[in-house]
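One structure is given below, encoded as structure tokens.
Residue numbers (UniProt numbering): 1 to 94.
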């Protein structure tokens, strides 16, 4: 019998055009914004500039995905987890 992973784990690994879902959403937002810029300021230089910007963004996002160690800039959890009281106030007698 086949075993399937939990849906939320599959969703974390989803890839569209080589990008994770969050990076793909960022790329699509930039493409839509670029289309708005092209519509409201129609010129050949603007079309070329926006196309170069979108291509550079796509290449940068692909490189970030391939070098996953660049994403680990901060830790998710602290080094030490403690339930020790952090305040000096006393709420009752011992």
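Where is the CB? At the ideal position from N, CA and C, for every residue including glycine.
Residue burial annotation: residue 35 is exposed, with fewer than 16 other C-beta atoms found within 10 angstroms of its C-beta. When C-alpha distances from residue 65 are compared across 23, 3 and 2, the shortest belongs to 23.
Cα atoms of residue 46 and residue 67: separation of roughly 31 angstroms, rounded to the nearest angstrom. By DSSP's assignment, residue 19 forms a beta bridge with 16. In this structure, the straight-line span from the alpha carbon of residue 62 to that of residue 2 is close to 33 angstroms.
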